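What follows is one structure encoded as structure tokens, with my remarks underneath.
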Amino acid sequence: MSESAGALLAVRDLHRQFGGVHAVSGASFEVPPGRITGLIGPNGAGKSTVLNVIAGALRPTTGKISYRGQDITGLPSYQVARRGITRTFQNSSEFAALTVLENLLVAAPSQRGEALWQAALGKRYWRPYEREMVERARQLLARFEMSAKEDEYAGNLSGGQKRLLELMRGLMAGPALLLLDEPMAGVNPSLARRIEQHLLDLLGEGLTMLMIEHELAVVERLCDPVIVMAQGRVISQGTMAEVRADREVLDAYLIG
Amino acid sequence: MSVAWQFYISTVLVYLGVDVMACWGLNLQFGVAGLVNFAFIIFQAAGAYTAAVLTLGPATKGGFQQYLGGAHWPFPLPILAAGVVGGLLAVLVGSFAIRRLRRDYEAMVMLVVSLIATSIATNQVGLVNGPNGLALVPKPLATMVNLTPIGYQWLFVGITAVICLCVYWLVHIVTSSPLGRTLRAIRDNEQAAAALGKNVTGLRMLAFVLGGVIAGVSGAILVEFISAWSPGSWLYPETFVYFTAVIVGGSGNNLGVMVGALLVPVAFLEATRFVPQFGPPGFIDALQWIIVGVLALVFLWFWPRGVIPERRRRFPPTAQSEARQPLPSTRTGR
Chain H
10 MSESAGALLA VRDLHRQFGG VHAVSGASFE VPPGRITGLI GPNGAGKSTV LNVIAGALRP
70 TTGKISYRGQ DITGLPSYQV ARRGITRTFQ NSSEFAALTV LENLLVAAPS QRGEALWQAA
130 LGKRYWRPYE REMVERARQL LARFEMSAKE DEYAGNLSGG QKRLLELMRG LMAGPALLLL
190 DEPMAGVNPS LARRIEQHLL DLLGEGLTML MIEHELAVVE RLCDPVIVMA QGRVISQGTM
250 AEVRADREVL DAYLIG
Chain X
387 MSVAWQFYIS TVLVYLGVDV MACWGLNLQF GVAGLVNFAF IIFQAAGAYT AAVLTLGPAT
447 KGGFQQYLGG AHWPFPLPIL AAGVVGGLLA VLVGSFAIRR LRRDYEAMVM LVVSLIATSI
507 ATNQVGLVNG PNGLALVPKP LATMVNLTPI GYQWLFVGIT AVICLCVYWL VHIVTSSPLG
567 RTLRAIRDNE QAAAALGKNV TGLRMLAFVL GGVIAGVSGA ILVEFISAWS PGSWLYPETF
627 VYFTAVIVGG SGNNLGVMVG ALLVPVAFLE ATRFVPQFGP PGFIDALQWI IVGVLALVFL
687 WFWPRGVIPE RRRRFPPTAQ SEARQPLPST RTGR
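For the protein sequence lines, the chains are H and X, in the order given. When you line the first sequence up against the numbering used here, it's residues 10 to 265, in that order. When you line the second sequence up against the numbering used here, it's residues 387 to 720, in that order.
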């Protein structure tokens, strides 16, 4: 499969084995810019593994991942992140003993005062930069209606608030590509709708996203294109209407 | 104040300085960066041996103590060298202990390293004089200043205080800066920190090495003061005294940890000196270990955040955020 010029991210013939288990066996797809690409499939299809490999949390057994035309296969996650790919986690991954605001500040990229020599230069050196970041974080908090929780320890938030924090923290990193691993998992329907609206707003602002989601109605409303995986392979891709019509997809969901 | 009391108090103050420094170092590793360094005491020991051999001068053939690398370095070079050796040892241990290991395994590796180090120092007699250890380490500046013994004691208290301030400056710039925040984030969730572009291994290594440097310096001061050092001074349970101090005082808070150092290794262990001897010989010493262990357990159960817990960081309002307050919120909280 040749890489089309427009793709932000291209995954080619990706394989990942765990011992003898083939979690992903030959996945290829592309993520076009400015859209939400949906990654769906039954449990055990290899979706999360694909996301982990893209994010650098796992190394692929074979295969290639290119981002903006550059090969990023096998880079450690912090280097993938520094290139502008931020991911959220399926299970809440908050920094529990940090406040909500601090959680966001940690995510600010290339911070002043984060290297030892910069810290040694003292507050006067890094404070002005930090003020800007605090301001940015507060804007995000206001946007997600979480301002009241600014000084709360992240570990004390409710499950739904933790999902919002996960998303805000990802945005604080200023990503060019946001990888979302079931951003609405386990939240109540009204919050799920709010998160959906936030994702639509972000889409409107031009953010590119790759999202794993189980709720097909949500995928239908948000995602184009949709990639369907089953048993480690991409079995179909296209618009939701196209993949719905695909016989193999129906089989996978019924059997899987 | 009688001379005897002055001697006692100045001695306790030096011990306090050493323990406070060590606890700050351990807090940087454990309280801030989440490194469960059960080998902490070997970094203090390495610093102590380094300072001792660099003060003692070359070992004489057939002399009563045998060791490697003796030299007559003037004060304060042996103390600085002790910091460097503590840091280098941390690089060495860190290179295999804090990469790609789960934290529980990491703690086990540290404990094993501590036991191996004791065994090597005890059995390789030519290294640091085996089980007998090093003795008669000359006191710094003793021949240069003309002071009464008690005057010298107070001079040493002053030296310790100055070095304490330097160490405090170092731990403070780390814990109060964005660097400290990132280390605490790594402590709370490594994968999430890595996914936000943080070089987790590098930053943990940094905290580990800084802690190693501080431990080395603390050991150097101790050995320059007591003039002797042997494997019996740094058996692995000593690490747990420091862990207890950090937990009791308040893991993650430099002030709390200082209080912990004052309470556990100093106040508590000194207080037992005044307990009348009872039971079989060595009974009180054994009881000390038991009580330190129980103290750690009690705090972990009932006050896991310690006497002075890690501070909640709040940020002053920014100009803009005041100007456009978000819609009045009906939510509770704050």
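Don't be surprised by glycine CBs; every beta carbon is placed ideally from N, CA and C. Given the structure is predicted, the values throughout are model-derived calculations rather than measurements.
Close beta carbons around residue i, own chain, < 7 Å, minus the five adjacent residues each side
i: V511(X); result: Q452
i: P617(X); result: T504, A507, T508, P517 and G519
i: P184(H); result: G93, I94 and T95
i: T529(X); result: none
i: W43(H); result: Looking at the sequence itself, residue 43(H) is Gly, so the reference to Trp does not match. G215 and T217, listed in sequence order.
Residue i burial status per 10 Å Cβ neighbour count (16 or more: buried)
i: Q170(H); result: buried
i: N532(X); result: exposed
i: P667(X); result: exposed
i: Y628(X); result: buried
i: I236(H); result: buried
i: K158(H); result: buried
i: Q206(H); result: exposed
i: G50(H); result: buried
i: D671(X); result: exposed
i: R242(H); result: buried
i: F371(X); result: No statement about residue 371(X) is possible, as the shown extent of chain X runs from 387 to 720 and does not include it.
i: G642(X); result: buried
i: W675(X); result: exposed
i: T546(X); result: buried
i: Q539(X); result: buried
i: E111(H); result: buried
i: C552(X); result: exposed
6 Å Cβ shell around residue i - same chain, five flanking residues per side excluded
i: P712(X); result: At P712(X), the pLDDT of 48 sits below 50, so the modelled position is not reliable; the number obtained from the coordinates is stated separately. None.
i: V252(H); result: V235, V237, S245 and V258
i: G164(H); result: A105
i: A593(X); result: L414, Q415, A419 and L569
The ligand COA heavy atom lying under 7 Å from the CB of residue i
i: N413(X); result: You won't find the ligand COA in this model; it holds no ligand whatsoever.
Span separating the alpha-carbon of residue i from that of residue j
i: S57(H); j: A32(H); result: 10 Å
i: R486(X); j: A578(X); result: 15 Å
i: G456(X); j: G443(X); result: 5 Å
i: G55(H); j: G411(X); result: 44 Å
i: A19(H); j: L48(H); result: 14 Å
i: M387(X); j: T534(X); result: 16 Å
i: A375(X); j: G544(X); result: Nothing can be reported for residue 375(X), as the shown portion of chain X is limited to 387 through 720.
i: V499(X); j: V479(X); result: 8 Å
i: E39(H); j: S199(H); result: 32 Å
i: I45(H); j: L212(H); result: 7 Å
i: P623(X); j: A493(X); result: 14 Å
i: A36(H); j: A239(H); result: 10 Å
i: A434(X); j: W615(X); result: 7 Å
i: F701(X); j: V560(X); result: 18 Å
i: Q392(X); j: F654(X); result: 20 Å
i: Y401(X); j: G605(X); result: 11 Å
Whole-angstrom C-beta distance between residue j and residue i, which should lie under 8 Å
i: L113(H); j: R178(H); result: 6 Å
i: R25(H); j: P85(H); result: Between P85(H) and R25(H) the Cβ distance is about 16 Å, and since that is not below 8 Å, they are no contact.
i: L174(H); j: V109(H); result: 6 Å
i: E222(H); j: E191(H); result: 6 Å
i: A468(X); j: T436(X); result: 4 Å
i: E214(H); j: M193(H); result: 20 Å between Cβ atoms; not a contact.
i: L541(X); j: T568(X); result: Incorrect: roughly 40 Å between the Cβ atoms, too far for contact.
i: M181(H); j: L149(H); result: 6 Å
i: I549(X); j: I607(X); result: 6 Å
i: N423(X); j: H558(X); result: About 20 Å separates the two Cβ atoms, so there is no contact after all.
i: I572(X); j: A419(X); result: 6 Å
i: R147(H); j: T704(X); result: 7 Å
i: Y76(H); j: L166(H); result: About 32 Å separates the two Cβ atoms, so there is no contact after all.
i: D160(H); j: R698(X); result: 7 Å
In DSSP terms, what residue i is bridged to
i: R25(H); result: V33(H)
i: V40(H); result: L18(H)
i: A239(H); result: R242(H)
i: L474(X); result: None, per the DSSP bridge assignment.
i: S75(H); result: A19(H) and D80(H)
i: W615(X); result: L520(X)
i: V514(X); result: Y453(X)
i: D190(H); result: I221(H)
i: I49(H); result: V237(H)
i: G247(H); result: V235(H)
Own chain residues within Cβ distance below 8 Å of residue i, not counting five before or after
i: R717(X); result: Low confidence applies to R717(X): its pLDDT is 43, below 50, so where it sits in the model is not reliable, and the reading given next is rough at best. Around R717(X): no qualifying Cβ.
i: V693(X); result: V634, G635, G636, G642, V645, G646 and L649
i: E229(H); result: M249
i: L513(X); result: Y453, L454, I506 and A507
Proximal residues, the segment 638 to 668 of chain X versus chain A, C-beta separation under 7 Å
Absent from the structure: chain A. Protein chains present are H and X.
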